[in-house]
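**Student:** Structure in structure tokens, see below.
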């Protein structure tokens, strides 16, 4: 059975590294980088420079999760009737 984790090489801050993520996270990263008009390498570099602990793959997963969770919450608040 094929592993759902995909390992890719990426340049982060001028250094080549490999990152293992599930395809859904790679797709999320591509969407976010496109919306921000930046390359995947630039986005990963930003995530890498802002992470407090843990490995890069975990930091990316948490970033993608937080990004889409924030979008979902913003959409939900836009669609809910205002109090008052």
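Residue numbers (full-length UniProt numbering): 1 to 84. All C-beta atoms, glycine included, are put in the ideal place defined by N, C-alpha and C.
1) Let me make sure I understand the geometry here. Which of 60, 35, 17, 7 has the alpha-carbon closest to that of residue 71?
2) What's the gap between the Cα of residue 15 and the Cα of residue 73?
3) With the cut-off set at 8 angstroms, would you say residue 20 and residue 7 are in Cβ contact?
4) Is the closest heavy atom of the ligand PLP to the C-beta of residue 46 under 7 angstroms?
5) Can you tell me the Cα-Cα spacing of residue 49 and residue 65, whole angstroms?
**Tutor:** Taking the definition as stated:
1) As a working note, residue 71 is residue 71 in the chain shown. Looking at the Cα atoms, 35 is the closest of the given residues.
2) For this step, residue 15 is matched to residue 15 along the chain shown. For this step, residue 73 is matched to residue 73 along the chain shown. Approximately 35 angstroms between the Cα atoms of the pair.
3) Counted from its first residue, the chain shown places residue 20 at position 20. Counted from its first residue, the chain shown places residue 7 at position 7. Yes, Cβ-Cβ distance for residue 20 and residue 7 is below 8 angstroms.
4) Here there are no bound small molecules, and the ligand PLP is not part of this structure.
5) Residue numbering aside, residue 49 sits at position 49 when the chain shown is read from its first letter. Residue numbering aside, residue 65 sits at position 65 when the chain shown is read from its first letter. In this model, residue 49 and residue 65 are separated by some 18 angstroms (Cα to Cα).
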